[in-house]
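>
In the working numbering, the protein residues as written are 1127 to 1299.
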């Protein structure tokens, strides 16, 4: 599947169940999220409502068959006003749609359009054993800004977390 066969759009409330389904599908693999058990649509409602098309977008990639194949979110970083121009990127793809360029298409749009939302810095938290995601973000111009050894425990195994970052414009200070 190529970017041209996808329609990227702002998520609507009708997409929340598909977004949660895609997210929950990533949990058992233990490479994309620190959640250990599936989340419910209800538990994600406040998170969903914190995203708006004008401030912290949540985009879905929809196939020609109108199936949500993946999504990308911009989430506030650290919750203090001085960090308003910095966001954490989350990107997830339906298992049967992986390796088809969907995550790359979403991430490319985030990099290209991030400054339209007054953003200067994009961050990604990626488990160090998730080589596919590390490669995806590196190909999008992200570099490692931090490394936290053994900060997560997944099925009795301590895992490292890489913090990746990308500036959308040069630092002014």
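All residues carry an ideal CB built from backbone N, CA and C; glycine is no exception.
1) For residue 1275 and residue 1220, I'd like the C-alpha separation in whole angstroms.
2) Starting from the Cα of residue 1290, find the closest Cα among 1283, 1253 and 1148 and give me that residue.
3) Please report the straight-line C-alpha distance between residue 1163 and residue 1250, rounded to a whole angstrom.
4) Suppose you measure from the CA of residue 1165 to the CA of residue 1153; what does that come to, to the nearest Å?
5) Got a sec, what are the start and stop residues for the beta strand (DSSP E) residue 1187 sits in?
6) Exposed or buried, what is residue 1242 when buried is set at 16 or more other beta-carbons lying within 10 Å of its beta-carbon?
7) What does residue 1197 pair with, by DSSP beta-bridge criteria?
8) In the segment 1257-1285, which residue ranges form an unbroken alpha helix (DSSP H) of at least 4 residues, counting only runs that do not cross its ends?
9) Based on DSSP bridge pairs, tell me the residues matched to residue 1293.
On the basis of the data shown:
1) 29 Å
2) Scanning 1283, 1253 and 1148 for the CA closest to the CA of residue 1290 turns up 1253.
3) 22 Å
4) 9 Å
5) 1184-1189
6) exposed
7) 1186 and 1218
8) 1257-1265
9) 1247
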